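Student:
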Amino acid sequence: MANTGIYTVSQVNTYIKNMFVQDYALSRISVKGEVSNCKYHSSGHIYFTLKDGKGTLSAVMFASQRVGLSFRLEEGQQVIVTGSVDVYERDGKYQLYAKEIKREGKGDLFLRFQQLKEELEEMGMFSPEYKQPIPRYAKVIGVVTAPTGAAIRDIMNISARRNPYVQLVLYPALVQGEQAKYSIAEGIRTLDAVGVDVMIVGRGGGSIEDLWAFNEEMVARAIFDCSTPVISAVGHETDVTIADYVADLRAPTPSAAAELAVFDYLQFQREIEGYVSALRIGMERKLQQERARLEQYQFRLKLKDPVHELRVNRQRIAEFENGFRREMDERLKEARHRLALAAGRLKGLSPLEKISGGFGFLTDEQGKRIQSAGQVSPGDRISIQVRDGKILARVEKGWKI
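Positions 17 to 417 (the numbering used here) are the ones given, in order, by the sequence shown.
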């Protein structure tokens, strides 16, 4: 390129790209560094950054080159990337195009992460028995995050959509840098003292360095000591921090945390309407049952009505009286008939009856009836009872027929 004249941006980028292509050392190079800000794209490409203590280098491995990767690339890994350094003309940026990646070891941050994770796990800070349930109908939700990041915007948008009556209380915390751990821990303690129903602690995605504040022991202990249920929402779905392990519930993203913390008011209304409808149907069914039971009781009461009972008993007594009278009449009639027969027979046997027919009734001096001639002897005094009087006589002679 000559030193005179004016060039377009694309001409400059093309010129620089040609310089990279012509440099043999950059066409086949191996670079050692720690993986950071690793992202798996839906297309299959892997975008990441290689870093060391003094600098960073953007890198990409296209899906067609993934045969050169025998493990899953993750944050904190120490790797050796073999490929070429070239310029992406559209952006005017150079990056390492990886063809092969070998795992060299684990970076310092990753080792610190693993060491702290193991220590806290041994202390029981990840144990499920310490996890608090997330309230289903939270009214006041505390949020510890940056006041201007995408995380708080997502939480506010989802909260407004799901339930405009929920109150959000934001503690504007630093979420990156040396002072971030102090700010986050203080935010957790402050909102816990305020008395919110549930708390969201997190930020948007980033590299392991960007998210490191949520891997600090100070933040982990603040979450563990918090009496308010805490939902961690750090980074994207693939980002996992110490805060995620300690929190009562992990959300893959801040948006997901809002979905978990804020109950859907419209769905809540539908549920209430369903309960009201079910209660109304149940009440109507119960009223119908009670009406039917009341009618049965009323019918039974009519049957057990004292006036009705008296009327029935009077009728029953009258029937008994009539039956008793008929029975008495029958028995009296029968008794009279028997009496008449007995009277007839008695009359036939009556001495007076016989006397009235011309017969007499003979008795000796002792008043004993004389029925046979052998009962008297000549000279015995006898009494003869006739129809109109009594005759005293002496036996002159007696004989048997």
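Glycine included, each C-beta is placed from N, C-alpha and C at the ideal position. Bear in mind that the values here come from a model prediction, so they are computed numbers and not experimental data.
Tell me the DSSP bridge mates of G339?
Tutor: BP columns for G339 are empty, so no partner.
Student: Exposed or buried, which one is D68 when buried takes at least 16 other CB atoms within 10 Å?
Tutor: exposed
Student: Going by other Cβ atoms of all chains shown within 10 Å of its Cβ, with 16 needed for buried, is V160 buried or exposed?
Tutor: Around the C-beta of V160, 16 or more other C-beta atoms lie within 10 Å, and the residue is accordingly described as buried.
Student: Ends of the alpha helix (DSSP H) at S271?
Tutor: P270 to A277
Student: Using DSSP's beta-bridge definition, name the partner residues of R332.
Tutor: In the DSSP output, where bridge partners are listed per residue, R332 has none listed.
Student: Starting from E300 and walking both ways along the beta strand (DSSP E), at which residues does that stretch end?
Tutor: Run containing E300: none in the beta strand (DSSP E); it sits in the alpha helix (DSSP H), Y281 to L319.
Student: Apply the 10 Å Cβ neighbour rule to I297 and answer buried if 16 or more other Cβ atoms are within range, or exposed otherwise.
Tutor: exposed
Student: If we call anything under 8 Å between Cβ atoms a contact, is A263 one with S248?
Tutor: Taking 8 Å as the Cβ cut-off, A263 and S248 qualify as a contacting pair.
Student: Would you list, in sequence order, the uninterrupted beta strand (DSSP E) runs of no fewer than 3 residues that lie entirely inside the region 41 to 123?
Tutor: 45 to 56, 62 to 67, 72 to 77, 93 to 104 and 109 to 122
Student: Which of helix, strand or coil does DSSP assign to M215?
Tutor: If DSSP states are grouped into helix, strand and coil, M215 belongs with the strands.
Student: I believe V51 touches F64 by the beta-carbon criterion, under 8 Å. Please report the beta-carbon distance rounded to the nearest angstrom.
Tutor: 5 Å
Student: Please classify R385: does DSSP put it in a helix, a strand, or coil?
Tutor: strand
Student: Could you name the residues of the same chain whose beta carbon sits closer than 7 Å to that of Y56, not counting the 5 residues immediately before and after it, in chain order?
Tutor: I62
Student: Going by Cα to Cα distance, which pick from R347, S100 and K109 is closest to V28?
Tutor: K109
Student: Are the beta-carbon atoms belonging to R410 and G395 less than 8 Å from one another?
Tutor: yes
Student: Please list, in chain order, all residues of the same chain as V235 whose beta carbon is under 7 Å from its beta carbon, the five residues on each side excluded.
Tutor: K197, I200, A201, A229 and A259
Student: So, are the CB atoms of L132 and N231 less than 8 Å apart?
Tutor: yes
Student: Of all the options G290, T98 and T244, which has the alpha carbon lying nearest to the alpha carbon of Q435?
Tutor: In this structure the chain extends from 17 to 417, so residue 435 is not present and cannot be described.
Student: Any idea if N179 is buried or exposed, counting beta-carbon neighbours within 10 angstroms, 16 or more meaning buried?
Tutor: It is buried - the Cβ of N179 has at least 16 other Cβ atoms within 10 Å.
Student: Can you pull the DSSP bridge partners for D380?
Tutor: I398
Student: Looking at C-alpha atoms only, which residue of T379, K115 and M299 is the closest neighbour of L408?
Tutor: T379
Student: What's the call for P245, buried or exposed, on a 16-neighbour Cβ count within 10 Å?
Tutor: buried
Student: Any idea if G140 is buried or exposed, counting beta-carbon neighbours within 10 angstroms, 16 or more meaning buried?
Tutor: exposed
Student: Would the beta-carbon of S74 fall within 8 Å of that of Q111?
Tutor: yes
Student: According to DSSP, is Y187 part of a helix, a strand, or is it coil?
Tutor: strand
Student: Within 10 angstroms of the Cβ of T164, are there 16 or more other Cβ atoms? Answer buried if so, exposed if not.
Tutor: exposed
Student: Throw me the rounded Cβ distance for the I32 and V101 pair, which I believe falls under 8 Å.
Tutor: With a Cβ gap of about 12 Å, I32 and V101 do not count as contacting.
Student: Candidates R385, S393 and E412: which alpha carbon is nearest S399's?
Tutor: For the options R385, S393 and E412, the alpha carbon positioned closest to that of S399 is the one of R385.
Student: Within 10 Å of its beta-carbon, does N53 have 16 or more other beta-carbons around it, so buried, or fewer, so exposed?
Tutor: buried
Student: Can you tell me the Cα-Cα spacing of R309 and Y291, whole angstroms?
Tutor: 26 Å
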